[in-house]
Amino acid sequence: MNHSIVNGQNKSGITALNLTGIKGANASSNIYSNRNGDSLDASLAPCKEALRVKDDELTALREKLKMYEKLLREKTKLHEKQLRAKDIRIRELESRLEKEKNKRS
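Residues in the sequence shown are numbered consecutively from 759, following the numbering used here.
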């Protein structure tokens with residue numbers, strides 16, 4: 759029986775922690791992870807699947823957010839353009855009104 763704790767990476771980039779020498783530990787308590795910290799333990803597969811599903815949901819929500827931001831920018835530009843056109847029209851009408859007032863005086 760190996761009574762040491764060994765931490766380190768092997769050539770494949772997998773880090774292993776040997777807990778066989780620790781009282782109360784068994785072979786199933788060995789923890790394996792790759793460089794990204796992803797667990798290779800099969801019992802965590804449902805959790806990994808749930809995380810993948812949530813990541814997919816987040817990706818979809820981010821795409822929707824980008825689409826709505828784009829629509830909002832387009833609507834804002836259109837609204838600003840309409841406001842500028844109305845401002846120009848108001849100035850034209852005010853100018854005509856001033857000219858008419860000056861003619862009557």
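Backbone N, C-alpha and C define an ideal beta-carbon position, used for all residues, glycine too.
It should be emphasised that the depicted structure is a prediction, and the values quoted were computed from it without experimental measurement.
Quick check: what's the CA-CA separation for residue i versus residue j?
i: K857; j: T834; result: 34 Å
i: L802; j: K822; result: 30 Å
i: E850; j: E832; result: 27 Å
i: R862; j: L836; result: 39 Å
i: E852; j: L841; result: 16 Å
i: C805; j: K824; result: 28 Å
Given a threshold of 16 other Cβ atoms within 10 Å of its Cβ, counted over all protein chains shown, does residue i qualify as buried or as exposed?
i: A785; result: Note that A785 scores a pLDDT of 46, beneath 50, so its modelled location is shaky; the value from the coordinates is reported in the next line. By the 10 Å Cβ count, A785 comes out exposed.
i: R854; result: exposed
Indicate whether at least one CB of chain C lies closer than 8 Å to the CB of residue i.
i: L836; result: In summary, chain C is missing from the structure at hand, where a single protein chain is found.
**Prompt:** Of all the alpha helix (DSSP H) runs that stay within the bounds of the stretch 796–820, which reach a length of 4 or more residues?
**Reply:** none
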